[in-house]
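**Student:** After the structure tokens below, expect a handful of questions from me.
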Amino acid sequence: MNLQHHFLIAMPALQDPIFRRSVVYICEYNEDGAMGIIINKPLENLQIEGILEKLKITTEERLPEIRLDKPVMLGGPLAEDRGFILHTPPGFSSSIRISDNTVVTTSRDVLETLGTAEQPSEVLVALGYASWEKGQLEQEILDNAWLTAPADLNILFKTPIANRWRDAAKLIGIDILTMPGVAGHA
Numbered sequence: 004m005n006l007q008h009h010f011l012i013a014m015p016a017l018q019d020p021i022f023r024r025s026v027v028y029i030c031e032y033n034e035d036g037a038m039g040i041i042i043n044k045p046l047e048n049l050q051i052e053g054i055l056e057k058l059k060i061t062t063e064e065r066l067p068e069i070r071l072d073k074p075v076m077l078g079g080p081l082a083e084d085r086g087f088i089l090h091t092p093p094g095f096s097s098s099i100r101i102s103d104n105t106v107v108t109t110s111r112d113v114l115e116t117l118g119t120a121e122q123p124s125e126v127l128v129a130l131g132y133a134s135w136e137k138g139q140l141e142q143e144i145l146d147n148a149w150l151t152a153p154a155d156l157n158i159l160f161k162t163p164i165a166n167r168w169r170d171a172a173k174l175i176g177i178d179i180l181t182m183p184g185v186a187g188h189a
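Position in the sequence shown counted from 1, then plus 3, gives you the numbering used here.
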């Protein structure tokens, strides 16, 4: 089972304040563990344009039709001061290709394209990430903390944030809003 380019969908019983009703996009999955970014927990009062202002990134080439008022996500509880940009190709200096259609970048050069004609067609900006040690995520899945589904670019980039949890579960035929809050074991 390779979970790279998959969604983790929090089960209703998962009550951790960071991961409750979350959808995590898995960027890396290997024998050492997993790394992902929460895609449906917007940080309060922080938008992409605010990040650019804070980093003093300005350009004369900014196009007014490209909106920079999208919220920045809480990507996870680790390194909350580090930015992770999920986007469609092309890549940049520190980009890692996750799938044919998805790249994660941590370098400033991708931020410098935001709002310009050079910007990737789809972008999600997050601060922080989530990580699991070897075997930890698999155990959490066995313990019914998470559902998994192949990632869908529409949910990742276009679905309204408030609908991502429900819509990610629908990918595997589950109406998560009707599930009981506590999963049982047979």
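Cβ atoms here follow ideal geometry from the backbone N, Cα and C, with glycine treated the same way. These figures come from a predicted structure and were not determined experimentally.
Sorted by chain position, which residues of the same chain lie with C-beta nearer than 6 Å to L140's C-beta, five sequence neighbours on each side aside?
**Tutor:** A37
**Student:** Give me, in chain order, the residues of the same chain whose beta-carbon lies closer than 8 Å to that of L156; leave out the 5 immediate sequence neighbours on both sides.
**Tutor:** T91, N104, T105 and E125
**Student:** How is N33 classed by DSSP in three states: helix, strand or coil?
**Tutor:** strand
**Student:** Look up L66 in the DSSP assignment and say whether it is helix, strand or coil.
**Tutor:** coil
**Student:** Do you know offhand how far G86's Cα is from Y28's?
**Tutor:** Those two C-alpha atoms are separated by around 15 Å.
**Student:** Please name the residue in R100, I12, M14 and L66 whose C-alpha comes closest to that of Q122.
**Tutor:** L66
**Student:** What is the rounded straight-line gap between the Cα of A13 and the Cα of T62?
**Tutor:** 39 Å
**Student:** Could you tell me if V185 is buried or exposed, where buried requires 16 or more neighbouring beta carbons within 10 angstroms of its beta carbon?
**Tutor:** Model confidence at V185 stands at a pLDDT of 45, short of 50, so the residue's coordinates are unreliable; what they give is reported in the following sentence. The residue is exposed, with fewer than 16 neighbouring Cβ atoms inside 10 Å.
**Student:** Return the CA-CA distance between K173 and T108, expressed in angstroms with no decimal places.
**Tutor:** Each residue's Cα considered, the two are about 28 Å apart.
**Student:** So which of L150, D112 and Y32 has the shortest CA-CA distance to K59?
**Tutor:** It is D112.
**Student:** T116: buried (16+ other C-beta within 10 angstroms of its C-beta) or exposed?
**Tutor:** Buried, by the Cβ-count rule.
**Student:** Within its chain, find whatever has a CB closer than 7 Å to the CB of I101; leave out the 5 residues flanking it on each side and keep chain order.
**Tutor:** Q7, H8, C30 and V107
**Student:** Can you tell me which of the three DSSP states V185 falls into?
**Tutor:** With a pLDDT of 45 at V185, under the threshold of 50, the modelled position of that residue is not reliable, and the figure given next carries that caveat. It is coil, neither helix nor strand.
**Student:** Would you call the CB atoms of I40 and G94 closer than 7 Å?
**Tutor:** For I40 and G94, no; Cβs fall outside 7 Å.
**Student:** Check whether the Cβ atoms of F10 and A152 sit closer than 7 Å, and answer yes or no.
**Tutor:** Against a cut-off of 7 Å, the Cβ pair of A152 and F10 comes out as a contact.
**Student:** Measuring CA to CA, which of I144, A154 and N43 is closest to I164?
**Tutor:** N43
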